[in-house]
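Number 1530 in this note's numbering belongs to position 348 of the sequence shown; there are no gaps in the numbering.
Before any comments, here is the structure.
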Amino acid sequence: MCLNSGYPCSCLPDGGPCEPCRTKPDMQGHAHLPGAISSETLAEPSPTTKERDRNWGWILSGVIFINILMLGIALVSGSAYEHVDISMSDLQVFLVVILILTCIWMIYYIIFTARIENAVAYRDGHAGPVWLRGGMVLFGLLSIIMDIFKIGTYVGYLHCESAIYVVFPVVQLVFIIVQTYFMWVHAKDCVQLQRNLTRCGLMLTLSINLVLWMAAVTDESLHQTSHPEEEHHDNDTHEIEDDHSNDTHKLSGRSMYSRASSSEGDCKCSHTSCSLFQEAYFYLYPFNIEYSLFASAMAYVMWKNVGRLAEARGAHHHSHAHKFHLKDALAGPLVGVLLVFVGLATFIVYEMNMKKADDTEKRDQALIIHFVTNIVIVALMLVATLIGATIYKLDRREHDSEKNPTRSLDVGLLVGTSMGQFIINYFTIVAMIASGAPGLLNRLNLTWAILMVLQIGLQNFFIVEGLHREPFHEEEHHESVHVVANSYVLENYHKDVSTLEGSQISFKPSPHVAPVSPFGVPHYRHKLTWKRRVLKEVSVFLLLANIILWIMPAFGARPQFDHPAEAEFYDFNMWAAIVNVGLPFAIFYRMHSVASLLEVFVNS
């Protein structure tokens, strides 16, 4: 009988290992038990098989993503124009079909794929942090409320409009519930089985969320943007120019926003709450837009994690548990909260005065207040960002080179979506300089645009540096030698000492004894360095400032149209296209900056 301590023998006539060799540990201490799952069982397939499987899954899922996204873009774009023979009901039929298919796949994954043994052998510690999933749950709840208001609105038009207007919000409500649960539970999964099916399902999820985002952004942009009235068609050019300023203001009657009631008189609501529901779900649209983008980002990270094995081990091993608390930051939160309240107050005044279409003086005063408020906020952010960026240049911490799909996506989205704000600002700068910036409003507009460009550039540098730096090492203030305590050894040590009591041997106690935790780790009082404290103050201040800069445009502030200088310089159609393309990305940039700054704050 052969007992090989390193590898199982082949003692039996059939070439298999004998019983002692099956149960004897190998050189690494692993017993070869019958039915046990060895490391080879969970190991990746051969490189050739893995590469072929991954390429096939990527190609197929990519084809699904591109086709659904392109078809969705065509339908969304066509339904936005009245002269194109594509109605909103055509778009919603397409969305309902894809939403149902996506729900079926997610339910299948939750019930079957995720429960197969070894299907999810590893989980990515970086993917789907709790604050991101918590934000998605919050936006999802508000999106559900929005769908309920939509259902209540469109039920009143069933007697004269298609039933798809009611079916779509119902299906979307179910989709939000299923997807939120799916992302909350499985956002960290690194799937090892049914890889191709999972990749295709995740690309289906990503594409439908992007199409929903585009549809919501298009709806809101059409509502916020009004084309100059055509009623002066027969007048001469001078009369049109005189009335241009008043005509380019946005629509004041927000209760008119209803795609179902586009016939404006032929179809009347059958109950009295239609206008209330319409106005309510209009104000919830920004949360639904952010929900779709959050879900898209998480679906992309899950798609990147399909089949990851060695990297997942590293991510799990190096993941750190950080706690969010504000006890080490004081000035940043106080100034940030003050800016949020001031911004909200001025935003309310601005919106109320913008609805008074006949009072030009009050509209101009509201624009001045709005411009000044934004200039002050952006200037303070610029100073804070400059301080934080300077500290990073002085900081000697190493850069984290670990492969991290979540961080790569965060950086890509941060830089990419900031282009939307850059586009609007640079067009504004060119228009103001070329026209000489006459008047107070134009000079304030130019100042705001220049400060915004500088602030966004520095903020991108600050966030990217913060995401790529290694965490700070705690400063432990004690004079004794750094020893990691072992609770078992300490317990035996104290027993041995107690048996020697009364003897002639004397012991000199240590002058500094650190209390030991149940896990055998000594507790010390940590003191933040001045660099770390300043970074925390800057991070939380920028986080709160970005929140107010997200709230104002997301909930209807449109100084780009309320102040007609750019529309007169570029022509209204061109300027409307620039704003309606760039502004949704600029709004998402602010919300994504909030999420990234929260990560930087926690890591600090």
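Glycine included, C-beta positions come from ideal geometry on N, C-alpha and C.
Asked, Found
"With which residues is Asp1371 paired in a DSSP beta bridge?", "Arg1305"
"CB Ser1600 to CB Phe1767, shorter than 9 angstroms?", "yes"
"Using a 10 Å radius around the Cβ and a threshold of 16 neighbouring Cβ atoms, would you call Asp1753 buried or exposed?", "exposed"
"Please report the straight-line C-alpha distance between Gln1361 and Cys1285, rounded to a whole angstrom.", "7 angstroms"
"Looking at Asn1300 and Asp1140, is the spacing between their C-beta atoms short of 9 angstroms?", "Nothing can be reported for residue 1140: it is not among the residues displayed for the chain, which extend from 1183 to 1786."
"Tell me the residue span of the alpha helix (DSSP H) that contains Phe1604.", "Pro1587 to Ser1617"
"By a C-beta neighbour count over all protein chains shown, 10 Å radius and 16 as the cutoff for buried, is Ser1474 buried or exposed?", "buried"
"Our contact map puts Ile1606 next to Ile1632 with C-beta atoms below 8 angstroms; I'd like the distance itself, whole angstroms only.", "In fact, because the Cβ distance is near 13 angstroms, the residues do not count as touching under 8 angstroms."
"Hey, quick one: how far does the alpha helix (DSSP H) through Ser1775 stretch, first residue to last?", "Phe1754 to Asn1785"
"When you compare only the Cα positions, how much space is there between Ile1569 and Asn1535?", "37 angstroms"
"Touch check for the region 1548 to 1568 and the region 1524 to 1534: three-plus C-beta pairs under 8 angstroms?", "yes"
"On the three-state DSSP scale, how would you describe Tyr1467?", "helix"
"Looking at C-alpha atoms only, which residue of Leu1466, Phe1553, Gly1260 and Val1319 is the closest neighbour of Asn1624?", "Phe1553"
"If distances are taken between C-alpha atoms only, which option among Ser1271, Ser1778, Gly1621 and Trp1732 comes closest to Glu1647?", "Ser1778"
"Can you give me the Cβ contacts of Leu1628 inside the same chain, cut-off strictly under 8 angstroms, excluding the 5 residues immediately before and after it?", "Thr1610, Ile1611, Met1614, Ile1615 and Ala1619"
"Which stretch, first to last residue, makes up the alpha helix (DSSP H) that contains Gly1514?", "Ala1513 to Met1536"
"Quick check: the region 1320 to 1339 against the region 1258 to 1273, are at least 3 beta-carbon pairs closer than 8 angstroms?", "no"
"Rounded to the nearest angstrom, what separates Asn1470 and Phe1604 at their Cα positions?", "24 angstroms"
"Can you say whether Ser1440 is buried or exposed, counting buried as having 16 or more other CB atoms within 10 angstroms of its CB?", "Any reading at Ser1440 must be qualified, since the residue scores a pLDDT of 35, below 50, and its modelled position is unreliable; the value itself is stated next. It counts as buried."
"Hey, would you say Leu1726 sits closer than 9 angstroms to Gly1518, going by beta carbons?", "yes"
"Looking only at C-alpha atoms, which of Trp1366, Pro1515 and Glu1343 sits nearest to Lys1450?", "Glu1343"
"Enumerate in chain order the residues of its own chain whose CB-to-CB distance from Leu1324 is below 7 angstroms, with the five nearest sequence positions on each side excluded.", "Leu1466 and Phe1469"
"So is Ala1575 buried or exposed if we call it buried at 16+ other beta carbons inside 10 Å?", "One point to set straight first is that residue 1575 is Lys, not Ala, in the sequence displayed. Under this definition Lys1575 is an exposed residue."
"Does the count of Cβ pairs from the region 1475 to 1484 and the region 1301 to 1315 closer than 8 angstroms reach three?", "yes"
"Count the C-beta pairs between the region 1276 to 1291 and the region 1386 to 1394 that are closer than 8 angstroms, then say yes if the count reaches three, no if not.", "yes"
"Say whether chain C places a C-beta atom closer than 9 angstroms to the C-beta of Met1614.", "The structure shown contains no chain C; it holds only a single protein chain."
"With burial defined as no fewer than 16 other Cβ atoms inside 10 Å of the residue's Cβ, what is the status of Trp1788: buried or exposed?", "This structure cannot speak to residue 1788, because the chain is shown only from 1183 to 1786."
"With respect to the alpha helix (DSSP H) encompassing Cys1285, which residues constitute its N-terminal and C-terminal limits?", "Met1270 to Ile1293"
"Note down the Cα distance separating Ala1747 from Leu1375, rounded to an integer number of angstroms.", "58 angstroms"
"Between the C-alpha atoms of Phe1723 and Leu1251, what's the straight-line distance to the nearest angstrom?", "37 angstroms"
"Could you name the residues of the same chain whose beta carbon sits closer than 7 angstroms to that of His1774, not counting the 5 residues immediately before and after it, in chain order?", "Leu1595, Leu1596 and Thr1599"
"Roughly how many angstroms separate the alpha carbons of Ser1528 and Thr1555, rounded to a whole number?", "According to the sequence displayed, residue 1528 carries Thr and not Ser. Their backbone Cα atoms lie some 7 angstroms apart in a straight line."
"Just curious, the alpha helix (DSSP H) that Arg1741 is in, first and last residue?", "Rather than Arg, the amino acid found at residue 1741 in this sequence is Pro. Looking at the DSSP string, the run of the alpha helix (DSSP H) that includes Pro1741 is Pro1741 to Asp1744."
"Quick one: grab the DSSP three-state call for Tyr1263.", "coil"
"When DSSP labels each residue in this structure, what does Pro1351 get in the three-state scheme?", "helix"
"So Leu1281 and Ile1390 are supposed to be a Cβ contact under 8 angstroms. How far apart are they, rounded?", "6 angstroms"
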